[in-house]
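Q:
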Amino acid sequence: DTAVSQTPKYLVTQMGNDKSIKCEQNLGHDTMYWYKQDSKKFLKIMFSYNNKELIINETVPNRFSPKSPDKAHLNLHINSLELGDSAVYFCASSQRVLTNEKLFFGSGTQLSVL
Amino acid sequence: DQQVKQNSPSLSVQEGRISILNCDYTNSMFDYFLWYKKYPAEGPTFLISISSIKDKNEDGRFTVFLNKSAKHLSLHIVPSQPGDSAVYFCAASGNTNAGKSTFGDGTTLTVKP
């Protein structure tokens with residue numbers, strides 16, 4: 113029973129398309145995140161939501177729009193995809209907001225924009 | 659400006675020997691550090707952490723050492739096992755970036771049988 117699950121695992125699409133990545137956690141955590149792992153392998157935070165409320169938005173282009181229908185779900189919608197959006201996107205959760213506690217990650221979505 | 663750096667992209671050790679993975683940081687406001695382990699096609703999983711009020715934390719075969727004056731931490735794995743082969747990420751956070759850990763770029767550890 114996966115704690116943090118995200119779909120799809122792989123996403124191949126053309127430039128200009130719109131795509132979504134879904135994430136769900138069954139840990140009962142209050143806070144969820146989207147991280148991006150770029151070609152240099154650094155994991156960088158994009159967004160954080162606490163109980164459906166946006167807490168952190170790290171200067172991500174407006175083409176990226178997270179949506180949290182409830183505290184167990186955090187989806188990421190990307191409009192007008194660009195080549196530079198190709199990366200691995202990880203969803204994560206933690207028990208509380210704005211703390212230093214450990215994160216629980218999903219298995220990642222490999223996005224390839226052609 | 660990468661505030662957390664893992665200068666060794668890869669490390670290879672023999673089974674049973676010690677693995678030492680290093681991490682350096684530049685932001686003196688960081689006061690909590692975590693190590694994550696990542697297998698291929700999986701997300702990172704938490705391994706061990708240390709607060710800046712300590713200089714050592716041990717959990718079974720894994721020990722993390724923190725040298726605040728040098729802004730350096732290391733993860734020791736003793737004895738190393740083939741199942742430890744993975745990418746290890748160091749992450750740092752503090753009051754100024756609570757809730758948004760800053761990650762290094764990882765070190766790939768290979769433990770040879």
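Protein chains in written order, with the working numbering: chain A, 113 to 226; chain B, 659 to 771. Positions of the beta carbon are idealized from the N, C-alpha and C atoms, including for glycine.
Where B:V671 and B:A750 are concerned, what is the direct C-alpha to C-alpha distance, given to the nearest angstrom?
A: In a straight line, the C-alpha of B:V671 is about 26 Å away from that of B:A750.
Q: Taking only beta carbons into account, state which residues of the segment 125-155 of chain A come closer than 9 Å to chain B, listed in chain order.
A: Those would be T143, Y145, Y147, Q149, K152, K153, F154 and L155, in chain order.
Q: Distance, Cα to Cα, A:V172 vs A:M158?
A: Distance between the alpha carbons of A:V172 and A:M158 is about 6 Å.
Q: Kindly indicate if chain A contains any beta-carbon less than 8 Å away from that of B:Y683.
A: Not an interface residue.
Q: Going by DSSP, which residues form a beta bridge with A:P120?
A: In DSSP, A:P120 forms no bridge with anything.
Q: With 8 Å as the C-beta to C-beta threshold (strictly closer), list the residues of the segment 207-223 of chain A near chain B in chain order.
A: Result list: V209, L210, T211, N212, K214, L215, F216, F217, G218, S219 and G220.
Q: Would you mind working out which of A:D197, A:S160 and A:L193 sits nearest A:H141, comparing C-alpha positions?
A: Selected option, being the one with the closest Cα: A:S160.
Q: At 9 Å on the CB atoms, spell out the chain B contacts of A:I168, in chain order.
A: Per Cβ cutoff of 9 Å: G757 and K758.
Q: With B:T679 as the anchor, note down where its beta strand (DSSP E) starts and where it stops.
A: Reading off the sequence shown, one finds Leu at residue 679 of chain B, where the question assumed Thr. Element bounds for B:L679: S677 to Y683.
Q: Considering A:E165, what are the terminal residues of the beta strand (DSSP E) in which it resides?
A: That run of the beta strand (DSSP E) goes E165 to N169.
Q: With a CB to CB cut of under 6 Å and the five nearest residues on each side skipped, what residues in its chain are close to B:K770?
A: Answer for B:K770: Q672, listed in chain order.
Q: Taking buried to mean at least 16 other C-beta atoms within 10 Å of its own C-beta, is A:Q126 buried or exposed?
A: Result: exposed.
Q: Would the segment 204-211 of chain A and the segment 134-149 of chain A be scored as touching if the rule is three or more Cβ pairs under 8 Å?
A: Contact between the segment 204-211 of chain A and the segment 134-149 of chain A is present, because at least three Cβ pairs lie under 8 Å.
Q: Measuring CB to CB, does B:Y746 end up less than 8 Å from B:K663?
A: No, they are not a contact pair.
Q: Leaving aside the five residues before and after B:S759 along the sequence, list all residues of the same chain whose C-beta is less than 6 Å from its C-beta, in chain order.
A: Once the five neighbours on either side are set aside, the close Cβ partners of B:S759 are A749 and S751.
Q: Between the segment 721-741 of chain B and the segment 188-198 of chain A, can you find at least three pairs of beta-carbon atoms closer than 8 Å?
A: As far as the Cβ criterion goes, the segment 188-198 of chain A does not touch the segment 721-741 of chain B, which means the pair count is below three.
Q: Does any CB atom of chain B fall closer than 8 Å to the CB of A:F176?
A: Cβ-Cβ to chain B under 8 Å: no for A:F176.
Q: Closest to B:T768 by C-alpha separation, out of B:Q661, B:Q660 and B:G674, would be which residue?
A: Cα-wise, what sits closest to B:T768 is B:G674.
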